[in-house]
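Down below is the structure, laid out as structure tokens.
Chains as they are written, first to last, in the working numbering: chain F, 1 to 262; chain R, 263 to 531.
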């Protein structure tokens, strides 16, 4: 009867230590980075005045150039997602232990995909701009690299979790590898793959504007040039356009996802 | 009468040290309907999967249709698996595909790769699948997704998929364990009827003794990987049942739940 009591005491003690550790880490980080977490309250008036005076009223510039830029941003996101979907779809079969012809190859693919995914898109964009100069192609490539990492990892996980029962049934019919993959495994996982693709398109629409700001072209570049020229009203107009774009896409993908999964 | 399957000194030890089967031997003749009964972890599932080598036995031989399954190359093994239909406890259908697509999957082993991958089944295969679906009262579900069907209906689709292989032997792993009593009766009746009509030999793992007695022409009792009973159903006395289930009559009642867990573990390891 004594042991459970000791255990619960230990647990309580642990909880306290964790709480203390969190406080120390937050405090330490604040001190180290020399930022004041309350600044946003103290300097609220400057913030609000900047917001009201400079950003308002937002000006919408309906130039052909800006509308083209908006399209470029969407196109970059789409192209990167779709290309990554095709490549990652193929790689996932080589990268999952359940379908790969070689376990070493599978491990290699997972490692590379992790690197691609864990380095932020913005960092890829900087690396590419520094080596190849700016432009929409480079923006597309930066999005492609991070999407490739993200989708390959997500697809491999989907494949790993795909029902082992179905694989067993496929083997029992005497079907060969390609028949098992195309007739049993693919139909089982495709809804999951498409769901991940849609999520990736959403992510890319957002990243695409940011990558554009640092030189990838599209609406991000337009926004950045307005900010640099202190045309905050026009910048606010662009920000609203980007927000509407992202929201619109979320609505569309939500709808498609619902239809696929039901 | 001639043998269709002869299992000799079959032993399976898993890597975690558990011996699922020890020195099991049995001979099955054409047209027999064999029920294998036993409590959780008795090795029923392993035995069934060693027959079509979904599980690689450690020692022993499985002779089917004149060849030793344990010694076949992977291409030969695939060919012979076409002659062995299999039905699973959880139906193992592709839920996102239609009923008829799942039934036609039974033909994949016989097709060339390209038409198989593209789903170009022959007219005679389609005809046969539709006929079978009509015979089993599933004709109104032909183009419905398999995942939308009830458990009993899904299991019937599973039976038809196995039948499409034109099998000589059917292996049924707990076909009624996750069905309600009414569906269970329907499914067992269907397995019996369809296999007898076609002269297909059938081996069924069951944990319901009553079902085994009712449908089987022969019962094999397994306990800790050993055959402890092998005879006609009328020879199965209460004493023997107690022996098979480890002397605890309670296992017969709550055995169902226990069973699923252990067998699943066996498969994983």
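Even glycine gets a Cβ: it sits at the ideal position worked out from N, Cα and C.
Neighbourhood of residue i by C-beta distance below 8 angstroms, restricted to the same chain and skipping five residues each side
i, result
"residue 115 of chain F", "149"
"residue 70 of chain F", "218, 219, 241 and 245"
"residue 471 of chain R", "299, 498, 503 and 514"
Euclidean distance between Cα positions of residue i and residue j
i, j, result
"residue 321 of chain R", "residue 480 of chain R", "25 angstroms"
"residue 429 of chain R", "residue 105 of chain F", "37 angstroms"
"residue 492 of chain R", "residue 412 of chain R", "35 angstroms"
"residue 11 of chain F", "residue 21 of chain F", "15 angstroms"
"residue 398 of chain R", "residue 184 of chain F", "24 angstroms"
"residue 138 of chain F", "residue 128 of chain F", "6 angstroms"
"residue 279 of chain R", "residue 311 of chain R", "18 angstroms"
"residue 164 of chain F", "residue 18 of chain F", "39 angstroms"
"residue 384 of chain R", "residue 147 of chain F", "41 angstroms"
"residue 218 of chain R", "residue 369 of chain R", "Given that chain R is displayed from residue 263 to residue 531, the structure contains no residue 218 of chain R and the question cannot be resolved."
"residue 46 of chain F", "residue 244 of chain F", "27 angstroms"
"residue 390 of chain R", "residue 451 of chain R", "21 angstroms"
"residue 524 of chain R", "residue 499 of chain R", "Confidence at residue 524 of chain R is low in this model, with a pLDDT of 43, below 50, so its placement is unreliable and the value that follows should be read with caution. Near 26 angstroms, if we compare the C-alpha coordinates of residue 499 of chain R and residue 524 of chain R."
"residue 236 of chain F", "residue 142 of chain F", "26 angstroms"
"residue 195 of chain F", "residue 158 of chain F", "11 angstroms"
DSSP state of residue i mapped onto helix, strand, coil
i, result
"residue 442 of chain R", "coil"
"residue 270 of chain R", "strand"
"residue 281 of chain R", "strand"
"residue 431 of chain R", "strand"
"residue 265 of chain R", "strand"
"residue 297 of chain R", "strand"
"residue 472 of chain R", "helix"
"residue 137 of chain F", "helix"
"residue 426 of chain R", "coil"
"residue 81 of chain F", "helix"
"residue 493 of chain R", "strand"
"residue 529 of chain R", "Any reading at residue 529 of chain R must be qualified, since the residue scores a pLDDT of 42, below 50, and its modelled position is unreliable; the value itself is stated next. Helix, per DSSP."
"residue 325 of chain R", "strand"
"residue 229 of chain F", "coil"
"residue 360 of chain R", "strand"
"residue 307 of chain R", "helix"
"residue 467 of chain R", "strand"
"residue 207 of chain F", "helix"
"residue 450 of chain R", "helix"
"residue 436 of chain R", "coil"
"residue 522 of chain R", "Here the model assigns residue 522 of chain R a pLDDT of 42, short of 50, so the residue's position is not dependable, and the following value carries that caveat. The answer is helix: DSSP assigns residue 522 of chain R an H, G or I state."
"residue 291 of chain R", "strand"
Neighbourhood of residue i by C-beta distance below 7 angstroms, restricted to the same chain and skipping five residues each side
i, result
"residue 85 of chain F", "151 and 197"
"residue 416 of chain R", "353, 355 and 408"
"residue 414 of chain R", "441, 445, 448 and 449"
"residue 350 of chain R", "420 and 435"
"residue 108 of chain F", "none"
"residue 57 of chain F", "233"
"residue 1 of chain F", "With a pLDDT of only 49 at residue 1 of chain F, under the threshold of 50, the placement of this residue in the model should not be trusted, and no figure is reported."
"residue 284 of chain R", "273, 487 and 488"
Beta-carbon gap between residue i and residue j smaller than 8 angstroms
i, j, result
"residue 315 of chain R", "residue 360 of chain R", "no"
"residue 132 of chain F", "residue 76 of chain F", "no"
"residue 110 of chain F", "residue 95 of chain F", "yes"
"residue 300 of chain R", "residue 484 of chain R", "yes"
"residue 188 of chain F", "residue 98 of chain F", "no"
"residue 214 of chain F", "residue 79 of chain F", "no"
"residue 328 of chain R", "residue 461 of chain R", "no"
"residue 486 of chain R", "residue 439 of chain R", "no"
"residue 395 of chain R", "residue 366 of chain R", "no"
"residue 431 of chain R", "residue 418 of chain R", "no"
"residue 174 of chain F", "residue 333 of chain R", "no"
"residue 344 of chain R", "residue 371 of chain R", "yes"
"residue 265 of chain R", "residue 289 of chain R", "yes"
Chain F contact for residue i (CB, 8 angstroms cutoff)
i, result
"residue 271 of chain R", "no"
"residue 425 of chain R", "no"
"residue 375 of chain R", "yes"
"residue 440 of chain R", "no"
"residue 431 of chain R", "no"
"residue 358 of chain R", "yes"
"residue 350 of chain R", "yes"
"residue 344 of chain R", "yes"
"residue 391 of chain R", "no"
Neighbour flag for residue i against chain R, beta carbons, 8 angstroms
i, result
"residue 173 of chain F", "yes"
"residue 168 of chain F", "yes"
"residue 178 of chain F", "yes"
"residue 97 of chain F", "no"
"residue 165 of chain F", "yes"
"residue 187 of chain F", "yes"
Neighbourhood of residue i by C-beta distance below 6 angstroms, restricted to the same chain and skipping five residues each side
i, result
"residue 295 of chain R", "464, 478 and 479"
"residue 271 of chain F", "Shown here, chain F extends from 1 to 262; a query on residue 271 of chain F therefore has no answer."
"residue 156 of chain F", "92, 95 and 96"
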